[in-house]
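Reading through the structure tokens given below for one structure.
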Amino acid sequence: QKEVEQNSGPLSVPEGAIASLNCTYSDRGSQSFFWYRQYSGKSPELIMFIYSNGDKEDGRFTAQLNKASQYVSLLIRDSQPSDSATYLCAVFGNRGSYIPTFGRGTSLIVHP
Amino acid sequence: DGGITQSPKYLFRKEGQNVTLSCEQNLNHDAMYWYRQDPGQGLRLIYYSQIVNDFQKGDIAEGYSVSREKKESFPLTVTSAQKNPTAFYLCASCVTSGGREQFFGPGTRLTVL
Numbered sequence: 410q411k412e413v414e415q416n417s418g419p420l421s422v423p424e425g426a427i428a429s430l431n432c433t434y435s436d437r438g439s440q441s442f443f444w445y446r447q448y449s450g451k452s453p454e455l456i457m458f459i460y461s462n463g464d465k466e467d468g469r470f471t472a473q474l475n476k477a478s479q480y481v482s483l484l485i486r487d488s489q490p491s492d493s494a495t496y497l498c499a500v501f502g503n504r505g506s507y508i509p510t511f512g513r514g515t516s517l518i519v520h521p
Numbered sequence: 008d009g010g011i012t013q014s015p016k017y018l019f020r021k022e023g024q025n026v027t028l029s030c031e032q033n034l035n036h037d038a039m040y041w042y043r044q045d046p047g048q049g050l051r052l053i054y055y056s057q058i059v060n061d062f063q064k065g066d067i068a069e070g071y072s073v074s075r076e077k078k079e080s081f082p083l084t085v086t087s088a089q090k091n092p093t094a095f096y097l098c099a100s101c102v103t104s105g106g107r108e109q110f111f112g113p114g115t116r117l118t119v120l
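Respectively, the protein sequence lines represent chains R and H.
In this text, residue positions in the first sequence follow my numbering: the first is 410, and each later residue adds one.
In this text, residue positions in the second sequence follow my numbering: the first is 8, and each later residue adds one.
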């Protein structure tokens, strides 16, 4: 059973702080990793993807992948109240798999 | 603009009724997916299709049916056999090469009366 685990939260951080969201996965052969942001009542929006070990930065967002330890994280710098949402981690398995496994998401609250 | 559309945004179903949720994409994506999301829960896969005229059951296919007659369209029918259909339904699509990042439609919220 392929699993993707996320702490459900809520993770509460003050405005301007760094929010760190973590995701672990069980399938060692996983190849592609995605972070989605989902506002309440809305559909998920892709914000980051990463395929290789290390860090990938895009604006205030940094995705970090460590395949040896089987975790992927998302850092949000200078957190804003508008970042308050649920963040979903999605993992694709071995090459040729078209079925991602989603975590249940971490709720982030950024308070002024 | 390229994207995924779902209709209707809200849908109400009476007991014993079949209802069909529409999903259309103009992204030229080969693969399409249907997910169900319940409050406070993650996404659960209902059906997926990698190519036209072919589709496979996901984790919770019972009580649902789909068709894929056109690349752009992947409608989902919620049948009367689905005993607890009240949920948020999300359609997604992606390419079948490269990173396979999925893009989602705006969703349909189905309520059983």
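All C-beta atoms, glycine included, are put in the ideal place defined by N, C-alpha and C.
CB contact flag (residue i, residue j, <8 Å)
i	j	result
Thr495/R	Gly512/R	no
Ile456/R	Arg469/R	no
Asp467/R	Ala428/R	no
Gln13/H	Cys101/H	no
Ser435/R	Glu412/R	yes
Ser67/H	Ile53/H	The sequence shown places Ile at residue 67/H, not Ser. The answer is yes: Cβ separation under 8 Å.
Arg116/H	Ser441/R	no
Val500/R	Ser452/R	no
Leu430/R	Leu483/R	yes
Gly6/H	Cys30/H	Residue 6/H lies beyond the range of chain H shown here (8 to 120); nothing can be said about it.
With 16 other Cβ atoms within 10 Å as the buried cut-off, status of residue i
i	result
Tyr17/H	exposed
Phe19/H	exposed
Thr118/H	exposed
Leu120/H	exposed
Ala477/R	exposed
Ser509/R	The question names Ser, yet the displayed sequence has Pro at residue 509/R. Per the 10 Å Cβ criterion, buried.
His520/R	exposed
Pro123/H	Since the first and last residues shown for chain H are 8 and 120, residue 123/H lies out of range.
Ser488/R	buried
Gln24/H	exposed
Ser104/H	exposed
Gln447/R	buried
Between the CA atoms of residue j and residue i - distance to the nearest angstrom
i	j	result
Ser461/R	Phe443/R	12 Å
Gln473/R	Tyr507/R	23 Å
Tyr40/H	Gln89/H	18 Å
Glu22/H	Gly70/H	13 Å
Gln32/H	Ser74/H	14 Å
Arg437/R	Gly65/H	22 Å
Gln44/H	Ile11/H	18 Å
Ser449/R	Pro490/R	14 Å
Lys127/H	Val422/R	Limits of chain H in this structure are 8 at one end and 120 at the other, which puts residue 127/H out of reach.
Glu424/R	Ser516/R	15 Å
Gln415/R	Phe110/H	21 Å
Asn35/H	Ser80/H	11 Å
Ile459/R	Leu50/H	20 Å
Ala426/R	Val26/H	46 Å
Gln48/H	Asn60/H	31 Å
Ile518/R	Pro46/H	18 Å
Thr471/R	Lys465/R	5 Å
Gln63/H	Asn475/R	32 Å
Cys498/R	Val85/H	27 Å
Ser417/R	Leu28/H	30 Å
Tyr42/H	Tyr445/R	15 Å
Leu83/H	Ser72/H	6 Å
Cys432/R	Ala94/H	25 Å
Would you mind listing the beta strand (DSSP E) stretches within the stretch 466 to 490 of chain R that are 3+ residues and don't spill past its ends, in chain order? 470 to 475, 480 to 485
Could you run through the stretch 104 to 116 of chain H and flag, in chain order, every residue whose CB is less than 7 Å away from some CB of chain R? Gly106, Arg107, Glu108, Gln109, Phe110, Phe111, Gly112, Pro113, Gly114
Where the stretch 48 to 74 of chain H meets chain R: residues whose CB sits under 8 Å from a CB there: Gln48, Gly49, Leu50, Leu52, Tyr55, Gln57, Gly65
Report the residues of the stretch 90 to 105 of chain H with a CB closer than 7 Å to any CB of chain R, ordered along the chain. Leu97, Thr103
Interface residues of the stretch 21 to 50 of chain H facing chain R [CB-CB below 7 Å]: Ala38, Gln48, Gly49, Leu50
Near-chain H residues of the stretch 411 to 436 of chain R (beta-carbon distance less than 7 Å), N- to C-terminal order: none
What residues in the stretch 447 to 459 of chain R bring their beta carbon closer than 7 Å to a beta carbon of chain H? Ser452, Pro453, Leu455, Phe458
Along the stretch 498 to 514 of chain R, where does the CB come closer than 8 Å to a CB of chain H? Name the residues. Ala499, Phe501, Tyr507, Ile508, Pro509, Phe511, Gly512, Arg513, Gly514
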